[in-house]
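Going by numbering that gives the first Met the number 0, the letters in the sequence shown line up with residues 0 to 80, in that order.
All C-beta atoms, glycine included, are put in the ideal place defined by N, C-alpha and C.
The model shown is predicted, which means the values in this text are computed figures rather than measured ones.
Everything below concerns the one structure shown next.
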Amino acid sequence: MEVKKITDHQLKKVTEQQQRLNSVLSNIGVLEVQKQNLAQQVKDISEEIEKTKSELEEEYGKVNINLSDGTYEEIEEKEDA
């Protein structure tokens with residue numbers, strides 16, 4: 000029985016393509032993990048911000064803070080007519 004085989008050039012080409020694909024898929028996996036880590040960081044920072052807002056609101060009431068110089072203005076609540 001004769002063994003059928005593609006040429007060495009064709010085998011090299013197919014092998015290189017498969018290696019490139021595997022590399023890209025691996026990179027996608029790494030990026031997905033990084034994306035999840037960054038999303039968790041966003042969540043953590045957002046929670047820190049909310050905690051700080053609550054602390055500031057407890058001390059100063061409802062205010063808008065100018066992040067450039069730290070000044071603030073009180074937020075006037077609208078009364079229902």
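- Contact between residue 72 and residue 62 holds: CB atoms are separated by about 6 angstroms, below the 8 angstroms threshold.
- Where residue 63 is concerned, there is no enclosing alpha helix (DSSP H), although the beta strand (DSSP E) around it starts and stops at 62-64.
- Listed as beta-bridge partners of residue 72 by DSSP are 63.
- A straight line joining the alpha-carbon of residue 38 with that of residue 32 spans about 10 angstroms.
- Distance between residue 76 and residue 40, taken at the CA atoms: about 33 angstroms.
- Straight-line measurement puts the Cα of residue 54 at about 12 angstroms from the Cα of residue 46.
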